[in-house]
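In what follows, a single structure is set out as structure tokens and then discussed.
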Amino acid sequence: MQNTKLMLSSLTLVGLFALAGCSFPGVYKVDIQQGNVVTQDMIDQLRPGMTRSQVRFIMGNPLITDTFHANRWDYLYSIQPGGSQRQQERVSLVFNANDQLAGLAGDFKPGVSRDEAILGTERRPTDAPARPAQDAVEAGSLLDQIQRDVDAAEPVPVPTPDRLETN
1 MQNTKLMLSS LTLVGLFALA GCSFPGVYKV DIQQGNVVTQ DMIDQLRPGM TRSQVRFIMG
61 NPLITDTFHA NRWDYLYSIQ PGGSQRQQER VSLVFNANDQ LAGLAGDFKP GVSRDEAILG
121 TERRPTDAPA RPAQDAVEAG SLLDQIQRDV DAAEPVPVPT PDRLETN
């Protein structure tokens, strides 16, 4: 009787340990995204000579701003869809001495979209719609007015309050 209880307890314990190490089929696994979401449309909007504020408007805040490389912004994005292989994208933007965009390097190429491949919804080449060519902004349009307002914006100094006397 004693041996039966011991055997039943040990089999139950071994079964629970074996069950804890298994992954159940059909269980939903969460997509894990980290970093800045960078799409091909964002890269296609970048132009040489853009100011830092214009680039920040398009791309958002950089994930990494290095103290030793103040003229370089790094954007990293990684996704692991549903427990499958992790995919990572990297873009580095380089500014010149005038704080204007001088170049970019990384995993994106202008005009070539990999967004569907990253998200796992890759389309066949015959399904891809033709992209219209991006023309220059019309003079006097709303977009031109917004661009001129952004370019004309000047920084406003923030006054620092005087120290309080603690005597």
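For the sequence shown, our numbering assigns the number 1 to the initial residue and increments by one for each residue that follows. Think of the CB as a built atom: it goes at the ideal place given N, C-alpha and C, for glycine as much as any other residue. Source: prediction; values computed, not measured.
Counting C-beta pairs with one atom in each stretch, the stretch 57 to 75 and the stretch 86 to 94 have three or more that are closer than 8 Å, which means they touch. Under the three-state reduction of DSSP, F95 is assigned to strand. When only Cα atoms are considered, V30 and V37 end up about 17 Å apart.
Going by C-alpha positions, P159 is about 47 Å away from R86.
Looking at Q80, S10, Q2, L46, the one whose alpha-carbon comes closest to that of Q34 is Q80.
Assignment of D162 by DSSP, reduced to helix, strand and coil, places it in the coil class. Counting only unbroken stretches of 3 or more residues, the beta strand (DSSP E) elements lying wholly within the stretch 11 to 90 are 32 to 35, 72 to 80, in sequence order. DSSP places A102 inside the beta strand (DSSP E), whose first and last residues are 101 to 106.
Its chain contains no residue whose beta carbon lies nearer than 6 Å to that of F17 once the 5 sequence neighbours on both sides are disregarded. Counting the other CB atoms within 10 Å of its CB gives M50 a total of 16 or more, which places it among the buried residues. Per DSSP, reduced to three states, the secondary structure at A139 is coil, with no helix or strand assignment. Within the model, the alpha-carbon separation for V55 versus N98 is close to 14 Å. Shown here for Q2: not one same chain residue has a beta carbon closer than 8 Å to its own, the five before and five after excluded. The beta carbons of T65 and W73 sit closer together than 8 Å. With respect to the 8 Å criterion, P48 and L101 are classified as neighbours on the basis of their beta carbons.
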